[in-house]
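Input: a single structure, listed below in C-alpha cells.
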Amino acid sequence: MNDTTTKPQNPPAPVCEARHVWTEFGDVVIHRDLNLVMERGEIMALVGGSGSGKTTLLRHIVGLTEPSRGEILLFGENLHALERERRQRLMTRLGMLFQQGALFSALSVFDNIAFPLRELKQFDEETIHTLVMHKLALVELEPQHASLLPAQLSGGMIKRVGLARALALEPELLVLDEPTAGLDPDRSSKFVALIKQIKQTLGLTVLFVTHDIDTLIAMSDRVAVLADKHIITACSLEALGEVDHPFVTNFFQGIHARMERS
Amino acid sequence: MGTLVMKFARHMIDFVQLIGLLLLEMLYLLRRPSAFPWREFMANIFKSGVTALPVTGLLGFMIGIAMSYLMSSQLRTFGADIFIVNILGLSMIRELGPILMAILVAGRSGSAMTAQIGVMRVTEEIDALTTMGVSRILRIVLPKVLGLTFVAPFLVLWTSFWGLAGGALSANTELGLSLRFFFDYLPMVVEPVNLTLGLVKGVLFGFVVTLVACHFGLRILPNTESLSASTTSSVVTAITSVILLDAAFAILTRGIGV
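Protein sequence lines, in the order shown, are assigned to chains A and B. So the first sequence is numbered by the numbering used here: it starts at 77 and just counts up by one. So the second sequence is numbered by the numbering used here: it starts at 388 and just counts up by one.
Pasting the structure below:
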C-alpha cells in the first residue's frame, strides 16, 4: 500500500492521492515522505496520535494548505497547480465537514446550505429552495429548522447542517474532521448511521479523522495510520492486527476489546 | 529590542503581502467583472458609512462649536473677528474633518472588522469558504477595503459640513456673525483646493483603516487573549498611522491652498 509510484493518469485516477508529501514548519517536520491513495467508493479512516499531523494532512487534501514538498492529487489533478476557475470547479467535487461545523454564523440554516449553490450562479431561487429542502431531509432535519440561526442549534444539529452544506453540490469526495467529536454516544452512533446511509445513496468516497474507536469500527472500510510522520499502513481493521508498530498494537488492542464486547 | 524589531518586520511583511493579494484580486476582477462581490460591497457601505452618519455628524458639530467658541474669544481680543471664517474653514475642511472621520471609523468599523474576521477565523468559517472555492481576500477583505474607501470621502464631507455648521452657529452667538455671511464668505477665504485635499485624505485614511483592520483580523489566533489584543492593536495602529500619514501629508502639501 505504501507503494504509490507512477501510475497511469487516465482511466480512473484515484479520488485522492498524496505523493511524497513533506510538511515542514520551520525546523519542525510534520510529514516526511508521506504517501496515500484513496480509491473510489471507499470509506477511509485516518488515525494517529495527537499532534501527528492528521488535521494538517486533511487541510492539505482539501486545498487549505500546501505541502512544502511533494503533491496532493484530487481526481488526478493538483489543486494548487491549476488556474483559478478550474480549481474552483475541482473544489465543487469535494465537501468538507469541519470539527465545529464552521457554519456561517450570520446566516440562517437555509442560507448556509444554499451558500455553495448560490456561489455557482447556475440555479434560480426556486431550484435552490427545492435543493436545500432536499438536503435538509437527507440529513433528517425538519423544514422548520431552515429559518434558525446556527447559534440556536444543538451540537448534533450543527453537524447535520454542516453535513448538508458539504453535500449541497453532490460532491464525490466527502472529508470529515472528527465527525462525532462532541456528540454523546447515542447521537454519535446515529450520526455515523446517517453518514453511512448517505454514502450508500450518493455513492460517495469518504475520508475521516477520528479518535473515537466506535466510530472507527462502525464506519471504516480501511484505516490509514499516521505515525512517525508518514502513513505506516492503510489496511482493513482486521489486518491492523498483523502490523507490528507500537502505535498500531496499542490502538488495535483497544479496537479488539471493543469488538469483542459488541 | 531585537524581538520587537522582528515582530515589526513580520507585521510589515504580512501587510505588504496583504496589499499584494488585494492587487492580484483586483486584476482578477478586471478580467472577470461578474465576480465582483456587490452584495458585500453594498453591505459594507451601509454598515461603515450610512450607520456612521449620526455619530460623525454629531461629533463634527460639537467640535465645531467648541473650537469656534474658543477661537472667537481669542480673536475678539485682537478685534480680528472676521478671521474666524478663515481659521475654522481651513482647519475643519483640511484637517479636522478627515481626522475626525478616520478616528471614528477606526474605532467603530475598524474594530468591528478585526473582530469579525477574527471570529470567522476561529470558527473556521474562512476555511469553510475556501473549501467552497471562494477566495477569502475577494469575499471578505476586498469588499471591506473598497466599501470603506469609497464611502470615506462622503463621510469627510458630512463631518466637515456639520463641523462648519457648529462653528458658524457658535460664531453667530459669540461674535454676531450671521450664518448667511459665514457661508457666503467661506468660499472666498478658503480655496476650493482645500476641499480636494480633505477628500483625498478621506480616501487615503479609509483605505488605511480598513487595511490595518483586516491585517490584524487575519492574524487572530483561536483564543480570547489574541482576539482582544488584536482588536486593540488594530484600532491603535490605525489611528497612529492615520495621524502619521496626516503629518506627512501636511508637510508635502504645505504649499497648496494656504
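For every residue, glycine included, the Cβ atom is placed at its ideal position computed from N, Cα and C.
* **Exposed unless 16 or more other CB atoms sit within 10 angstroms - verdict on VAL105 (chain A)** => Counting the other CB atoms within 10 Å of its CB gives VAL105 (chain A) a total below 16, which places it among the exposed residues.
* Asked: With 16 other CB atoms within 10 Å as the buried threshold, where does THR627 (chain B) fall?
  -> So THR627 (chain B) ends up on the exposed side.
* To do: Under 7 Å Cβ to Cβ from PHE327 (chain A), same chain only, skipping five residues before and after it: list those, please.
  => These residues qualify, in order along the chain: VAL123.
* Can you pull the DSSP bridge partners for HIS107 (chain A)? -> In DSSP, HIS107 (chain A) forms a bridge with A:THR99.
* To do: Give the DSSP bridge partners of GLU93 (chain A), in chain order.
  => In the DSSP assignment, the residues bridged to GLU93 (chain A) are A:VAL113 and A:LEU149.
* To do: Leaving out five residues on either side along the sequence, give the residues of the same chain with a beta carbon under 6 Å from the beta carbon of GLY553 (chain B).
  => Annotation for GLY553 (chain B): PHE448, GLY451 and ILE452 place their beta carbon closer than 6 Å to its own, counting only its chain and skipping 5 residues before and after.
* Is ASP514 (chain B) buried or exposed, if buried means 16 or more other CB atoms sit within 10 Å of its CB? -> ASP514 (chain B) comes out buried.
* Asked: Cα-Cα, which of B:VAL596, B:LEU483 and B:ALA555 is closest to LEU446 (chain B)?
  -> Out of B:VAL596, B:LEU483 and B:ALA555, B:LEU483 has the C-alpha closest to the C-alpha of LEU446 (chain B).
* Pull out every residue of the stretch 142–171 of chain A whose Cβ sits closer than 9 Å to any Cβ of chain B, in chain order. => The residues in question are ARG160, GLU161, ARG163, GLN164, ARG165, LEU166, MET167, THR168, LEU170 and GLY171.
* Pick out the complete beta strand (DSSP E) segments inside the stretch 164–228 of chain A, 3 residues or longer, and give them in chain order. => Runs of the beta strand (DSSP E) inside the stretch 164–228 of chain A: 170–173.
* Which residues in chain A sit within 8 Å of GLU512 (chain B), going by Cβ to Cβ distance? -> Here the neighbours are ALA178, LEU179, PHE180 and SER181.
* Asked: Can you give the beta carbon distance from VAL442 (chain B) to VAL596 (chain B), rounded, assuming they're within the 8 Å contact cut?
  -> 15 Å between Cβ atoms; not a contact.
* Asked: In the stretch 489–573 of chain B, which residue ranges form an unbroken beta strand (DSSP E) of at least 3 residues, counting only runs that do not cross its ends?
  -> Restricting attention to beta strand (DSSP E) runs no shorter than 3 residues, the stretch 489–573 of chain B encloses none.
* Rounded to a whole number of angstroms, what is the C-alpha to C-alpha distance between ALA269 (chain A) and THR624 (chain B)? -> Spanning the two alpha carbons is a distance of roughly 51 Å.
* To do: Could you say if the stretch 485–500 of chain B and the stretch 392–403 of chain B meet the contact criterion of at least three C-beta pairs nearer than 8 Å?
  => Flag = no, the stretch 485–500 of chain B and the stretch 392–403 of chain B do not touch.
* When you compare each of A:GLU118, A:SER128, A:GLY117 and A:GLU142 to ALA94 (chain A) by their alpha carbons, which one comes out closest? -> Answer by Cα proximity: A:GLU142.
* Asked: Taking the Cβ atom as the reference point for each residue, do MET167 (chain A) and MET507 (chain B) lie within a distance shorter than 9 Å?
  -> Inclusion of MET167 (chain A) and MET507 (chain B) in the CB contact set at 9 Å is not warranted, their separation being larger than that value.
* Simplified DSSP assignment, three categories, for MET388 (chain B) -> It is coil, neither helix nor strand.
* Does the Cβ of GLU351 (chain B) have 16 or more other Cβ atoms within 10 Å, making it buried, or fewer, making it exposed? -> Nothing about residue 351 (chain B) can be read from this structure; chain B reaches only from 388 to 645.
* **Residues of the stretch 511–533 of chain B with Cβ closer than 7 Å to any Cβ of chain A, in chain order** => Taking 7 Å as the Cβ-Cβ cut-off against chain A, the residues of the stretch 511–533 of chain B that qualify are GLU511, GLU512, ASP514, ALA515, THR517, THR518, MET519, GLY520 and VAL521.
* Status (buried if at least 16 other CB within 10 Å, exposed otherwise) for ASN78 (chain A) -> Bear in mind that the predicted position of ASN78 (chain A) carries a pLDDT of just 47, short of 50, making it too unreliable to give a figure here.
* To do: Tell me whether THR640 (chain B) sits in a helix, a strand or coil according to DSSP, three-state version.
  => THR640 (chain B): coil per DSSP, three-state reduction.
* Asked: Buried or exposed: ASN610 (chain B), going by 16 or more other Cβ atoms within 10 Å of its Cβ?
  -> Exposed, because fewer than 16 other Cβ atoms sit within 10 Å of the Cβ of ASN610 (chain B).
* Asked: To the nearest angstrom, how far is it from the Cα of ARG163 (chain A) to the Cα of LEU155 (chain A)?
  -> The C-alpha of LEU155 (chain A) is placed about 6 Å away from the C-alpha of ARG163 (chain A).
* Asked: Comparing the CB of LEU457 (chain B) with every heavy atom of the ligand MG, is any distance shorter than 8 Å?
  -> The ligand MG is absent from the structure shown, which contains no ligand whatsoever.
* Asked: What is the residue span of the beta strand (DSSP E) that MET479 (chain B) lies within?
  -> DSSP places MET479 (chain B) outside any beta strand (DSSP E), giving it a letter other than H or E.
* To do: To the nearest angstrom, report how far apart LYS83 (chain A) and ALA89 (chain A) are at their CA atoms.
  => Residue confidence for LYS83 (chain A) is low, a pLDDT of 47 falling below 50, so the modelled location carries little weight; the figure read from the coordinates is stated next. The straight-line gap from Cα to Cα measures roughly 9 Å.
* Distance between LEU212 (chain A) and LYS266 (chain A) (C-alpha atoms, nearest Å) -> Here the C-alpha atom of LYS266 (chain A) lies approximately 16 Å from the C-alpha atom of LEU212 (chain A).
* Asked: Of all the CB atoms in chain B, is at least one closer than 9 Å to the CB of ARG241 (chain A)?
  -> Contact with chain B is found for ARG241 (chain A), since one of that chain's Cβ atoms lies less than 9 Å from the residue's Cβ.
* Could you check if GLY136 (chain A) is buried or exposed, using at least 16 other CB atoms within 10 Å of its CB as the buried criterion? => Note on residue identity: the sequence assigns His, not Gly, to residue 136 (chain A). Label assigned to HIS136 (chain A): buried.
* **First through last residue of the alpha helix (DSSP H) which encompasses ILE450 (chain B)** => If you look at ILE450 (chain B), you'll find it in the alpha helix (DSSP H) that goes 440–465.
* Does any CB atom of chain A fall closer than 9 Å to the CB of TYR415 (chain B)? -> Judged by the 9 Å Cβ criterion, TYR415 (chain B) is in contact with chain A.
* In the DSSP assignment, find the unbroken alpha helix (DSSP H) run with ASP262 (chain A) in it and report its ends. => Looking at the DSSP string, the run of the alpha helix (DSSP H) that includes ASP262 (chain A) is 261–278.
* Asked: What residues in its chain sit with their C-beta under 6 Å from that of GLY593 (chain B), if we drop five residues either side in the sequence?
  -> If you ignore the 5 residues before and after GLY593 (chain B), its C-beta comes within less than 6 Å of the C-beta of LEU535, THR536 and ALA539, all in its own chain and listed in chain order.
* **Proximity winner among B:VAL509, B:THR560 and B:VAL543, relative to LEU614 (chain B) (alpha-carbon distances)** => Ranking B:VAL509, B:THR560 and B:VAL543 by Cα distance to LEU614 (chain B) puts B:VAL509 first.
* **Residue interval of the beta strand (DSSP E) (run including ALA310 (chain A))** => Per DSSP, ALA310 (chain A) belongs to the beta strand (DSSP E) from 306–311.
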